[in-house]
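Data block below; observations after.
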Amino acid sequence: DSLPFHLFPNFFESTLSFKPHFRKLINGLIDEQNGHKPVCIIADMFFAWSAEIAQEYGIFHAIFIGGGGFGFACYYSLWVNLPHRNTDSDEFVLPDFPEASTIHATQLADYLRVADGSDSFSAILQKVLPQWMNADGILVNTVEELDKIGLMYFKRKFGRPVWPIGPVLLSTESRAGARKEYGI
Numbered sequence: 041d042s043l044p045f046h047l048f049p050n051f052f053e054s055t056l057s058f059k060p061h062f063r064k065l066i067n068g069l070i071d072e073q074n075g076h077k078p079v080c081i082i083a084d085m086f087f088a089w090s091a092e093i094a095q096e097y098g099i100f101h102a103i104f105i106g107g108g109g110f111g112f113a114c115y116y117s118l119w120v121n122l123p124h125r126n127t128d129s130d131e132f133v134l135p136d137f138p139e140a141s142t143i144h145a146t147q148l149a150d151y152l153r154v155a156d157g158s159d160s161f162s163a164i165l166q167k168v169l170p171q172w173m174n175a176d177g178i179l180v181n182t183v184e185e186l187d188k189i190g191l192m193y194f195k196r197k198f199g200r201p202v203w204p205i206g207p208v209l210l211s212t213e214s215r216a217g218a219r220k221e222y223g224i
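Under our numbering, the first residue of the sequence shown is numbered 41, with each subsequent residue one higher.
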């Protein structure tokens, strides 16, 4: 929470350095369990690189998207395609997600509006997001009845199982503890 927003690309880039340590952790877990492998690895969407390690050990791997499917489908498509850079108009459609309808440039966050593929946000997100293709499945913090279009996008885009598992919320006790711990 205290990381300044402009340093997020550096943070995402730094998570790639976790890879050898994560491999060592998984290897250690297997050794401790007398050769039994974990049933699965569920990784945050920004740690999609962990799929490579899961595949090395033959472990099922899923990406967890903490937000809704539709919003993150738009997010994914915007960052991977940067469609606002390919038009002179202030309105555009997502090339791989026409169901999202027309998007106006004013709906984009400032850092996305100026993204051109060479900026720090684009560089890291265009490296991290396509790694979702390596996951065996995707877990989305949503409810199917409310988010069919977003879930459909991920199923079509990745050809992998997509499971709505939400809403995933902190328990009342966890929220109270977080408020106390962080003074909120």
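Using N, Cα and C, we set each Cβ at its ideal position, and we do this for glycine too. Because the structure is a prediction, the values reported are computed rather than measured.
The three-state reading of DSSP puts I99 in coil, since its state is none of H, G, I, E or B. As the crow flies, the alpha-carbon of V202 is around 6 Å from that of G177. In this structure, the CA atom of G108 is about 12 Å from the CA atom of M192. In this structure, R153 is the residue among R153, I82, D136 and P138 with its C-alpha nearest to the C-alpha of D128. With fewer than 16 other Cβ atoms inside 10 Å of its own Cβ, T212 counts as exposed. Runs of beta strand (DSSP E) with 3 or more residues, each lying fully within the region 93-177, are found at 100-105, listed in chain order.
Looking only at E53, A94 and I103, the smallest Cα-Cα distance to N181 is reached by I103. Residue range K59 to E72 is occupied by the alpha helix (DSSP H) that includes D71. Less than 8 Å separates the beta-carbon of I70 from that of H76. Here DSSP, grouped into helix, strand and coil, assigns I189 to helix.
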